[in-house]
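Numbering (the working numbering), first residue to last: 7 to 331. Virtual Cβ for every residue (Gly too), placed ideally from N, Cα, C. Here's the structure, in structure tokens; my notes come after.
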Amino acid sequence: MILSIESSCDDSAIAITEIATKKLLFHKKISQELEHSVYGGVVPELAARLHAEALPRILEECKPYFDGLKAVAVTTTPGLSVTLVEGVVMAKAISIALNIPIIGVNHLIGHIYSLFIEKEAHFPLTVLLVSGGHTQVMEVKSLMEIKTVAKSMDDSFGESFDKVAKMMNLGYPGGPVIEKLAKDGDRKRYNFTVPLHQSPLIAFSYSGLKNSVRLAVESAEADDYEDIAASFEHIATAHIIQKLKKYFKEVSPKTFAIVGGASANLYLRSQIEELLKPHGATLLLSELKYCSDNAAMIGRVALEMYEKEMFSSLDELEICPKSVI
Ligand code: KG4
Ligand code: ZN
7 MILSIESSCD
17 DSAIAITEIA
27 TKKLLFHKKI
37 SQELEHSVYG
47 GVVPELAARL
57 HAEALPRILE
67 ECKPYFDGLK
77 AVAVTTTPGL
87 SVTLVEGVVM
97 AKAISIALNI
107 PIIGVNHLIG
117 HIYSLFIEKE
127 AHFPLTVLLV
137 SGGHTQVMEV
147 KSLMEIKTVA
157 KSMDDSFGES
167 FDKVAKMMNL
177 GYPGGPVIEK
187 LAKDGDRKRY
197 NFTVPLHQSP
207 LIAFSYSGLK
217 NSVRLAVESA
227 EADDYEDIAA
237 SFEHIATAHI
247 IQKLKKYFKE
257 VSPKTFAIVG
267 GASANLYLRS
277 QIEELLKPHG
287 ATLLLSELKY
297 CSDNAAMIGR
307 VALEMYEKEM
317 FSSLDELEIC
327 PKSVI
């Protein structure tokens with residue numbers, strides 16, 4: 007079995023995955039959403055302290071599996087440096103205590119493999135990753151062949167939902183609450199501009215849209231919020247659809263996947279389904295419980311890396327807060 011740890015942002019999670027069968031034997035996640043909600047976003051220092059409490063508590067529940075562990079895996083990149091370190095220190099301690107190898111896992115590859123928890127992986131895939139930290143399109147041929155073909159120049163899709171929710175004093179995370187508010191709103195009432203719509207670049211940008219929404223919120227009454235949320239969600243999604251449409255003219259997708267916390271957004275899912283129809287492409291989605299950050303997806307990547315003996319020595323294993331794909 008492999009024990010995997012995730013602590014790149016505000017979720018403390020540990021999983022145990024069986025190597026021979028890919029079965030997830032144990033998975034527990036303690037989210038810090040409530041604690042960060044009053045601040046309207048993740049406070050790194052607080053997140054680190056909460057991981058230091060939560061991770062050992064979850065680890066204690068894993069004791070019955072310790073004898074059968076063949077490796078320990080941990081997210082090393084990308085993420086908040088002070089929270090990544092919490093997981094890495096724990097992984098190193100386990101590696102020393104049990105004398106087992108250690109595997110450093112890229113969180114973004116984790117989101118890709120969230121599609122294949124307890125399953126075989128199938129490639130090639132075109133993947134849209136939409137999370138709190140990232141908005142990017144990747145061509146994935148295998149574990150080792152991942153090419154980013156478009157990414158955000160500033161804020162991410164999920165982050166823009168968080169910021170809009172903060173403007174409306176709706177707490178953190180913003181995605182689910184803005185999606186709920188948008189359901190009864192008029193998507194056409196606020197005529198926000200689609201970011202980069204005149205640019206030939208296949209890239210994303212959410213900072214301009216966020217500022218337009220801020221101006222609308224400042225001059226609105228609370229009962230306008232549904233319409234603002236709906237119009238914002240519509241334009242934030244239209245931006246992705248426009249850029250994907252452009253990209254699909256160059257590379258027609260056969261199998262397309264949406265991963266990351268914001269892939270739970272039903273409006274985004276439905277718009278992408280429409281976009282894929284003329285291409286006859288298949289849409290893959292992770293199970294809802296594995297869209298947001300979790301340790302099961304880190305364990306799933308670790309299975310592939312274990313097979314290839316992609317281990318790190320204790321000295322080599324370092325955190326890297328910035329994304330490397
Ligand atoms: O993947 P994730 O759990 O963490 C990162 O790796 O960043 O994604 C969290 C992000 C947050 O920004 C959250 O607001 C967003 O995903 N999110 C959503 C929805 N559910 C979560 N964004 C839009 N619509 C949703 N339904
Ligand atoms: Zn994530």
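- Burial is judged here by how many other beta carbons sit within 10 angstroms of a residue's own beta carbon; K260 has fewer than 16 and is exposed.
- The C-alpha of I331 is placed about 8 Å away from the C-alpha of L114.
- Counting only runs of at least 4 residues, the region 84-139 fully encloses the following alpha helix (DSSP H) elements, listed from N- to C-terminal order: 87-104, 113-119.
- A distance below 7 Å separates the beta carbons of A302 and H33.
- Around the Cβ of N300, a 10 Å sphere holds 16 or more other Cβ atoms; the residue is buried.
- Listed in chain order, the alpha helix (DSSP H) elements of length 4 or more contained wholly in the region 18-66 are 39-43.
- Taking C-beta atoms under 8 Å as the contact rule, P84 and C326 qualify, at a distance of about 7 Å.
- If you draw a straight line from the Cα of F198 to the Cα of F238, it comes to about 7 Å.
- In the structure shown, L250 falls within a helical segment according to DSSP collapsed to helix, strand and coil.
- In the DSSP assignment, F163 falls within the unbroken alpha helix (DSSP H) covering 163-173.
- Leaving aside the five residues that flank A77 on each side, the residues in its chain whose CB is nearer than 6 Å to its CB run, in chain order, I8, I106, P107, I109, Y312.
- The alpha-carbon separation between L274 and T243 amounts to approximately 6 Å.
- A contact between stretches requires three or more CB pairs, one per stretch, nearer than 8 Å, and the region 154-163 meets this requirement with the region 212-225.
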